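Data first, discussion second: the structure below is written as structure tokens.
Numbering (the UniProt record's numbering), first residue to last: 1 to 97.
This is the structure in structure tokens:
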């Protein structure tokens, strides 16, 4: 098993991700919130989502983010829900026929 690290800098903050077999510890949502220096406890309070659910959505790659959760999170952090959806899911492609 090959372990390595990846880091990036955003707004003078250094984010370091420990990667195992090319699987990031954070999900796309986790990275999105980290880049914006969003406090997950604040998101939980404002949205009514539990802290364990926020942690699952930001750390567990198999967790499925529901549309209502995305909408509430976007409102809580004052971003456009459509833009957030595009950033989180814009990499998805339709299957060739």
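All residues carry an ideal CB built from backbone N, CA and C; glycine is no exception. Given the structure is predicted, the values throughout are model-derived calculations rather than measurements.
Exposed unless 16 or more other CB atoms sit within 10 angstroms - verdict on residue i
i	result
residue 97	exposed
Same chain, Cβ closer than 6 Å to residue i, neighbours up to 5 away in sequence not counted
i	result
residue 74	81, 84
residue 38	77
Proximal residues to residue i (C-beta, below 8 Å), its chain only, five neighbours per side dropped
i	result
residue 76	42, 43, 46, 47
residue 40	33, 51, 54, 55, 58
residue 60	27
residue 63	27, 56, 57
Proximity of residue i and residue j at Cβ, strictly below 8 Å
i	j	result
residue 72	residue 29	no
residue 49	residue 31	no
Cβ-based neighbour list, residue i, same chain, cut-off 7 Å, excluding 5 preceding and 5 following
i	result
residue 88	28, 29, 32
Practice prompt. Ignoring anything shorter than 4 residues or poking outside the region 23–51, list the alpha helix (DSSP H) runs there in chain order.
Written response: 28–35, 40–47
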